[in-house]
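Numbering (UniProt numbering), first residue to last: 1 to 544.
Beta carbons are placed, not taken as given, at the ideal position from N, Cα and C, and that holds for glycine.
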């Protein structure tokens, strides 16, 4: 493809440069509008500068990718509500044998969870929990945070739903979920092991120099759940849940006399909820006290008893508080109601896990990944059987908008002819039928993924590289797509700015209350550079 007219090339390059600067540096001083607004600005400039027409801009938006991204985010929200990430957190501390064992567990669990629930999600929900573990065991946080971020990136390479660039590759290449998984899985598993060994070797003295304090972290997890998550292209924020007094007022007790008592008001003021966790409070003494207080106003305890019909035995009155199902009062003389509620929640959680498993099986069988993810998301919404707005609000629509703007901006830049001209220059040296050419291709993708980010790199060069490989053979085309997925994903470990997962861990750790830790650019680079080169090289030999 020849270069477009000079004005179109210049204006298109300016629009793309603005998008690139704001995507890499969202808080740049002269225009601190963030990544999402930056992608929309780049897209708008492409249309205003007449690099592409409005109709071409709409056509550039890839709806299957957006549908797959939306569906997987909704599924992850409901998995978090079903305590999936709490159980993952417990696995980290179950019978831990020391700091090196803990480091290896973090690598393994982070990689596996990222392959199934995206790397960003895993980093959001596990960062603060890992800081708590490090503090409980009197360990330095840096190696464990690096293990989380780097293993999340490596693990996410194994599936089309592991990260955004894999979504793009899976849709563009039409490679099935199973072919994608089994093509990269060996490289991913070996890569995680090698990455863990590099971490252990690099921080051996640091881990050995701290006294490992034994502690029953599993109990801490039971009391302090992994925080809820929201999705975002670069930074995530905790979803902080608090108890609304009106909700408590509506559900705590049916009797207005009991509700309005000072004791119940005091409980209402003091109660604080942790995410996805059930607390039970023995409120028999509270009811007795409330009865006595109201009896003096009403006349007799018997009148109050007949009005409320509440057993006052402290062992038989239970308040169940659950963020996912609001607040319920379980009042029973034999505890049957309490057991019934527990079984209902257990059944609901089991159904959530089965639907998620069904989604993965459907993808493995080759069904349309976008509609499979959306169908699973809607099934979970219906299963929850309540207003879905609170759950859907946790989906990052700003990320979906970011992708829309990016699709338009990258398509406009492609029409300038610059990417095609660059590839025509590189193509003779980057054919996948020679080992040396694969190394050159990997280095190009590695550098561009850190300079222009991995998703734009795939959008710019993916189709061209695959078309070049298709001229050799169909198998080479498939392998090329998998190489692109592997290299562009592992490239995120090179520097702190290489992937959103790195930035999430950095920001979450920096903002964690009382246990904050700052990862510097150079601290990350000292580990990221050798790890990225070694893991990428080993993986390239295993991708088939």
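Counted within 10 angstroms of its Cβ, other Cβ atoms place residue i as buried (16 or more) or exposed
i	result
residue 3	exposed
residue 473	exposed
residue 475	exposed
residue 451	exposed
residue 80	buried
residue 528	buried
residue 454	buried
residue 163	buried
residue 86	buried
residue 6	exposed
residue 361	exposed
residue 402	buried
residue 593	With the chain covering only 1 through 544, there is no way to say anything about residue 593.
residue 27	exposed
residue 138	exposed
residue 397	exposed
residue 532	buried
residue 83	buried
residue 340	exposed
residue 466	buried
residue 434	exposed
residue 530	exposed
residue 303	Caution is warranted here: a pLDDT of 42 is assigned to residue 303, below 50, making its placement in the model unreliable, and no coordinate value can be reported.
residue 32	exposed
residue 141	buried
Among the options, the one whose alpha carbon lies nearest that of residue i
i	options	result
residue 493	429, 22 and 192	192
residue 369	79, 15 and 180	180
residue 444	383, 416, 536 and 506	536
residue 481	449, 108, 495 and 432	432
residue 73	400, 99 and 521	400
residue 541	382, 32 and 439	439
residue 395	85, 91 and 76	76
residue 189	110, 383, 145 and 118	110
residue 405	21, 8, 58 and 24	58
residue 92	156, 510 and 112	112
residue 516	531, 129, 380 and 99	129
residue 409	31, 200, 62 and 28	62
residue 54	194, 177, 412 and 134	412
residue 501	100, 436, 122 and 22	122
residue 158	143, 145, 136 and 119	119
residue 202	384, 543, 491 and 523	523
residue 207	186, 417 and 97	97
residue 196	534, 64 and 544	534
residue 160	134, 100, 68 and 133	68
residue 348	383, 366 and 449	383
residue 185	65, 483, 425 and 504	483
residue 173	459, 507 and 511	459
residue 205	538, 105, 143 and 344	143
residue 78	380, 99 and 136	380
residue 200	419, 342 and 99	99
Terminal residues of the alpha helix (DSSP H) in which residue i lies
i	result
residue 528	521 to 540
residue 111	99 to 117
residue 164	164 to 173
residue 94	That residue, residue 94, is in no alpha helix (DSSP H); it is neither H nor E in DSSP.
residue 437	435 to 451
residue 208	204 to 208
residue 390	389 to 392
residue 487	474 to 490
residue 83	Careful: residue 83 lies outside any alpha helix (DSSP H) and carries neither H nor E.
residue 176	No alpha helix (DSSP H) contains residue 176, which DSSP labels as neither H nor E.
residue 159	Element bounds for residue 159: n/a, residue is neither H nor E.
residue 22	6 to 24
residue 374	369 to 384
residue 547	No answer is possible for residue 547: the residues shown for the chain start at 1 and end at 544.
residue 399	397 to 415
residue 35	34 to 48
residue 510	500 to 511
residue 420	418 to 426
Nearest-angstrom beta carbon gap, residue j and residue i [assumed within contact, 8 Å]
i	j	result
residue 114	residue 152	4 Å
residue 154	residue 485	12 Å between Cβ atoms; not a contact.
residue 11	residue 47	Contact flag wrong, Cβ pair sits at about 11 Å.
residue 356	residue 376	7 Å
residue 464	residue 423	5 Å
residue 34	residue 16	With 8 Å as the limit, residue 34 and residue 16 do not qualify as a contact, their Cβ atoms being about 18 Å apart.
residue 177	residue 363	4 Å
residue 437	residue 430	5 Å
Below-7 Å beta-carbon distance, residue i vs any chain C residue
i	result
residue 454	Among the protein chains of the structure shown there is no chain C, as only one such chain exists.
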